[in-house]
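Visitor:
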Amino acid sequence: MIRLLLALLLWLALAGPAQASDQGQLLQFEKVSAQGLPLQRLTVWLPPGYDRSKRRYGVVYMHDGHNLFDLKASNFNKIWAADKAMLAAMQRGVQPHIIVGIWAPGADRYRQYLPHDIYHSAKGELRAQMDRMAAGPVVSDAYLAWLAGPLKTWVDGKFRTLPGRNHTAIAGSSMGGLVSCHAFLRYPATYGRAACVSSHWPAAIPGEVGATHPELASLWDQWFAARLGAPDGRRLWLDHGTATLDAYYAPYQQVVDRRIAALGWKRGRDWQSKVYPGAEHEENAWAARLPEIFGWLLRS
35 MIRLLLALLL WLALAGPAQA SDQGQLLQFE KVSAQGLPLQ RLTVWLPPGY
85 DRSKRRYGVV YMHDGHNLFD LKASNFNKIW AADKAMLAAM QRGVQPHIIV
135 GIWAPGADRY RQYLPHDIYH SAKGELRAQM DRMAAGPVVS DAYLAWLAGP
185 LKTWVDGKFR TLPGRNHTAI AGSSMGGLVS CHAFLRYPAT YGRAACVSSH
235 WPAAIPGEVG ATHPELASLW DQWFAARLGA PDGRRLWLDH GTATLDAYYA
285 PYQQVVDRRI AALGWKRGRD WQSKVYPGAE HEENAWAARL PEIFGWLLRS
């Protein structure tokens, strides 16, 4: 009996770490400096088996990193469960990817995520609404330069990555969806994959901007027309729900969809645009569809 108990204890001791590693590993990096920006913070998820192999991994950069993995760190006690979504996608044949979650900088989130091109082009009351929400300089260009430059260089140096465009994705929701589109359009040689989830196309308070603001719709159309280019092997995911804030998004996304198609992107192959009836603007809704997003975006 004693031998049996000792054997059981030994098995438990060995099995515990293995079970934990089967879910991957989270690493925290605080007070990360970035030129022209507030201090940044990172949560990095390494796939199961990272420490036991020499393989290299693609990387997904995700905004609002505090809402990705840990309920205790989240804003609304809701998370994307991005690690679980990656594990689910891996079960369907997607190669494992490292996830780099960049935390939002609190009150500076809006001005860090608002695409500077759109802000710069907005006029009159639309620009004034953005100014009121930003309450300071719009720094998304500096944020994207840091992501594609110093941060990516650090990630590729510290971890075993596949640094090429087709193995580098960027993703986010709401304002994070807009800045993901911004990164994809601004740095086509860096990001071959982007997921712009429930993108906040009104770019300010929807009740003030409205669901069909002609000037703003035209700005989005012109932006994609000028910057997207041909697919060239890239993939872009767009989506939205139909409830709460997402109820405002369809008219703008339809304008963007038409422009993407006109540029020669083939829907289902190069680009995906989905509507989730009844889905709200919140993390549980995004978590529910993230395995599907990863499955399409990161497929071999």
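Under the working numbering, the sequence shown has 132 at position 98, and the numbering climbs by one with no breaks.
The beta-carbon is built from N, C-alpha and C at its ideal position, and this holds for glycine as well.
Remember, it's a predicted structure, so these values are computed and weren't measured experimentally.
1. Sorted by chain position, which residues of the same chain lie with C-beta nearer than 7 Å to proline 171's C-beta, five sequence neighbours on each side aside?
2. Please name the residue or residues paired with lysine 308 in a DSSP beta bridge.
3. In whole angstroms, what is the alpha-carbon distance linking lysine 157 and glutamine 59?
4. I think tyrosine 282 touches proline 240, with their Cβ atoms under 8 Å apart; what is that distance to the nearest whole Å?
5. Could you check how far apart the C-beta atoms of leucine 71 and alanine 176 are, in whole angstroms? I think they sit under 8 Å.
6. Do leucine 212 and tyrosine 147 have their C-beta atoms within less than 8 Å of each other?
7. Which same chain residues end up closer than 8 Å to leucine 332 when comparing Cβ atoms and leaving out the 5 residues on each side of it in sequence?
8. Could you spell out the range, first to last residue, of the beta strand (DSSP E) harbouring proline 207?
9. In three-state DSSP terms, what is isoleucine 153?
10. Check whether the region 218-237 touches the region 266-286, taking contact to mean three or more Cβ pairs, one atom from each stretch, closer than 8 Å.
11. Is glutamine 74 buried or exposed, if buried means 16 or more other CB atoms sit within 10 Å of its CB?
12. I'd like the ranges of any alpha helix (DSSP H) spanning at least 4 consecutive residues and lying wholly in the region 97-151.
13. Kindly indicate which residue of Ile294, Arg161, Ala116 has the alpha-carbon position closest to the one of phenylalanine 328.
14. Contact between the region 297-306 and the region 261-269: three or more CB pairs below 8 Å?
15. With a threshold of 6 Å on Cβ separation, who are the neighbours of lysine 65 within its own chain once the five nearest residues in sequence on each side are excluded?
16. Report, in whole angstroms, the separation of the C-beta atoms of valine 290 and tryptophan 254, which I expect to be a contact under 8 Å.
17. Pick out whichever of Ala284, Glu314, Asp190 has its Cα sitting closest to the Cα of alanine 245.
18. Could you have a look at alanine 260 and say whether DSSP puts it in helix, strand or coil?
19. From asparagine 318 to phenylalanine 218, what does the alpha carbon distance come to, in whole angstroms?
20. Does DSSP classify leucine 60 as helix, strand or coil?
21. Specify, as a first and last residue, the run of the alpha helix (DSSP H) that arginine 166 falls within.
22. Excluding sequence positions up to five away, which residues of its chain have a Cβ less than 6 Å from the Cβ of valine 243?
23. In its own chain, which residues sit with a C-beta less than 6 Å from the C-beta of valine 78, not counting the 5 before and 5 after it?
24. Excluding the five sequence neighbours on either side, which residues of its own chain have a C-beta within less than 6 Å of the C-beta of alanine 68, listed in chain order?
25. Where does lysine 186 land, buried or exposed, given buried means 16+ other C-beta within 10 angstroms?
26. Count the other C-beta atoms from every protein chain shown that fall within 10 angstroms of the C-beta of phenylalanine 110, then say buried if there are 16 or more, exposed otherwise.
Guide: Quick answer:
1. Excluding positions up to five away in sequence, the list reads Arg145.
2. Asp273, per the DSSP bridge assignment.
3. Going by the C-alpha atoms only, they are around 46 Å apart.
4. Sure, about 4 Å apart at Cβ, within 8 Å.
5. The Cβ separation is near 6 Å, so the contact holds.
6. Yes, these two residues count as a Cβ contact at 8 Å.
7. These residues qualify, in order along the chain: Gly92, Val94, Ala123, Val128, Gln129, His131, Ala203, Arg227.
8. Per the sequence shown, residue 207 should be read as serine rather than proline. 202-207 is the span of the beta strand (DSSP E), which, as asked, contains serine 207.
9. Here residue 153 is tyrosine; the residue named in the question, isoleucine, does not match the sequence. Correct three-state label for tyrosine 153: helix.
10. The region 218-237, when compared against the region 266-286, does touch it at the 8 Å Cβ threshold.
11. That one is buried.
12. Entirely contained in the region 97-151, the alpha helix (DSSP H) runs reaching 4 residues are, in chain order, 116-125, 143-147.
13. When only C-alpha atoms are compared, the closest one is Ala116.
14. Enough Cβ pairs lie closer than 8 Å, so yes.
15. Around lysine 65, the same chain offers Leu73 as residues with beta carbons nearer than 6 Å, after the five sequence neighbours per side are excluded.
16. Going by Cβ atoms, the distance from valine 290 to tryptophan 254 rounds to 6 Å, so yes, they are a contact pair.
17. A check of alpha carbon separations from alanine 245 across Ala284, Glu314, Asp190 identifies Ala284 as the nearest.
18. Reduced to three states, the DSSP call for alanine 260 is helix.
19. The straight-line gap separating the alpha-carbon atoms of asparagine 318 and phenylalanine 218 is approximately 25 Å.
20. Strand.
21. Boundaries of the alpha helix (DSSP H) around arginine 166: 158-168.
22. Contacts found: Pro236.
23. Once the five neighbours on either side are set aside, the close Cβ partners of valine 78 are Leu61, Val134.
24. Within the same chain, Gln74, Trp180 come within 6 Å of alanine 68 by CB-CB distance, once the 5 residues on both sides are set aside.
25. Using a 10 angstroms sphere on the CB of lysine 186, the tally of other CB atoms reaches 16 or more, which defines it as buried.
26. Taking every protein chain shown into account, the CB of phenylalanine 110 has fewer than 16 other CB atoms within 10 angstroms, so this residue is exposed.
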